[in-house]
Amino acid sequence: MYSRSAELPQDFIDAPLAHRGLHDRGAGIIENSLSAIEAAVAEGYGIEIDIQAASCGEAMVFHDGTLDRLTAETGPVNGRTADELREIVLTDSTDAIPTLKETLEIVRGKVPLLLEIKEPGHSLSPDVGALEERVADLLRLYAGPVAVMSFNPHSVTAFGRFGLAVARGLVTCDFQDAEWDLPEQRRQTLANIEGFDRSGSVFISHDARNLNTAAVERIRRKGFPVLCWTVRSQEQEDAVREIADNITFEGYRPRIPEPTPLF
Numbered sequence: 001m002y003s004r005s006a007e008l009p010q011d012f013i014d015a016p017l018a019h020r021g022l023h024d025r026g027a028g029i030i031e032n033s034l035s036a037i038e039a040a041v042a043e044g045y046g047i048e049i050d051i052q053a054a055s056c057g058e059a060m061v062f063h064d065g066t067l068d069r070l071t072a073e074t075g076p077v078n079g080r081t082a083d084e085l086r087e088i089v090l091t092d093s094t095d096a097i098p099t100l101k102e103t104l105e106i107v108r109g110k111v112p113l114l115l116e117i118k119e120p121g122h123s124l125s126p127d128v129g130a131l132e133e134r135v136a137d138l139l140r141l142y143a144g145p146v147a148v149m150s151f152n153p154h155s156v157t158a159f160g161r162f163g164l165a166v167a168r169g170l171v172t173c174d175f176q177d178a179e180w181d182l183p184e185q186r187r188q189t190l191a192n193i194e195g196f197d198r199s200g201s202v203f204i205s206h207d208a209r210n211l212n213t214a215a216v217e218r219i220r221r222k223g224f225p226v227l228c229w230t231v232r233s234q235e236q237e238d239a240v241r242e243i244a245d246n247i248t249f250e251g252y253r254p255r256i257p258e259p260t261p262l263f
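Using my numbering, the first residue of the sequence shown is number 1, and each one after it goes up by one.
Right under this line is the structure:
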């Protein structure tokens, strides 16, 4: 039997989610930086960020498995300690790579925070648990709307073992891009979102380019929220909102809906 997580808070439907924070390289605000987090909070947007493990096990806020694209350093993120990573400045910025702990201290429940747990490569291995436990430990002390998700159903399941009343979900797509070096049968299983129930998920965040699928419709028909990534224009937003309950966005400023009056 699977154990379903807590429901996704309404906050994750009400406010559009800034993809990797509200970043703007031209302004020196880089994705997943503390400046991007602060900018999203200031404008009232929800925030989606990526979580990776340092070599010491600390939870770091960084998307790529390697440092090459976003810093002057090279090599894997999990080859450095948290102290070392916190000294690495992001390219075109004065920000360094932050820890999840630092990020939680800035957000402090003021806007919804969606955490995507990453792993090196794209193996979606069952050999997980350490990073999920560190994230859970940090969230035990956190007050505010927060949810956890991953492409890896094993990661979502593992996080559920730590007993937090935190919504968890799957990041989904068609799994046909070359980056997914997986057997075809495994790709199809993931694309069909077959791990949804077993992982105890209560929402998905699906590729905005591929929302009109039978698998996504099945989740919707069950009454579970469908988020999507990554929307880059108002025109695209208008189209995807015919299916998705909310968006993860970058590159423009979506409207934040007014709260619905209680009476």
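Glycine is no exception: its CB is placed at the ideal position from the N, C-alpha and C atoms.
Every value quoted in this text rests on a predicted model; they were computed, and no experiment measured them.
Bridge partners for residue i per DSSP, in chain order?
i	result
GLU168	At residue 168 the sequence reads Arg, which differs from the Glu that was named. According to DSSP, which records beta bridges pairwise, ARG168 is partnered with VAL148.
GLN52	MET60
VAL231	PHE249
So, at 7 Å on beta carbons, what are the nonlocal neighbours of residue i in its own chain, with the 5 sequence-adjacent residues on each side left out?
i	result
GLY57	ALA130, ARG134
ALA59	ILE51, ALA53, THR99, LEU100, LEU131, ARG134, VAL135, LEU138
ASP181	HIS122
GLU38	ILE106
Taking residue i and residue j to be in contact with their CB atoms under 8 Å, please state how far apart those CB atoms are, rounded to whole angstroms.
i	j	result
LEU170	SER125	Wrong, their Cβ atoms sit about 16 Å apart, outside the cutoff.
ALA96	ILE106	14 Å between Cβ atoms; not a contact.
VAL216	ILE243	7 Å
ALA15	ALA167	Contact doesn't hold; Cβ gap of about 15 Å is too wide.
PRO225	LEU8	5 Å
ALA40	LEU67	Going by Cβ atoms, the distance from ALA40 to LEU67 rounds to 23 Å, so no, they are not a contact pair.
ALA208	THR230	6 Å
Between the C-alpha atoms of residue i and residue j, what's the straight-line distance to the nearest angstrom?
i	j	result
ALA18	PHE249	5 Å
THR172	ILE117	13 Å
ALA291	LEU115	It is not possible to answer for residue 291, since the shown part of the chain is limited to 1 through 263.
LEU70	ARG232	20 Å
ASP245	PRO183	31 Å
ILE29	ALA158	33 Å
GLY251	THR94	21 Å
GLU237	GLY75	36 Å
ARG140	GLY160	13 Å
GLU179	GLN10	33 Å
THR81	GLY163	27 Å
SER150	VAL77	18 Å
For chain C, find out if any of its Cβ atoms is closer than 8 Å to the Cβ of residue i; answer yes or no.
i	result
SER155	Given the protein chain composition of this structure (a single chain), no chain C is represented.
Between which residues of its own chain and residue i is the CB-CB distance below 6 Å, once the five residues before and five after are set aside?
i	result
GLY109	ALA143, GLY144
TYR2	ASP197, ARG198, GLY200
ILE13	ASP245, ASN246
Starting from the C-beta of residue i, find all residues in its chain whose C-beta is less than 8 Å away, skip the five residues before and the five after it, and write them out in chain order.
i	result
LEU34	ASP95, PRO98, GLU102, THR103, ILE106
> Could you give the uninterrupted runs of the alpha helix (DSSP H) lying entirely in the stretch 174–210, keeping only those of 4 residues or more?
Replying inline: Secondary structure remark: continuous alpha helix (DSSP H) runs of at least 4 residues inside the stretch 174–210, in chain order: 184–191.
> Can you give, in chain order, each stretch of the beta strand (DSSP E) that sits fully within the stretch 68–149 and has at least 3 residues?
Replying inline: 113–117
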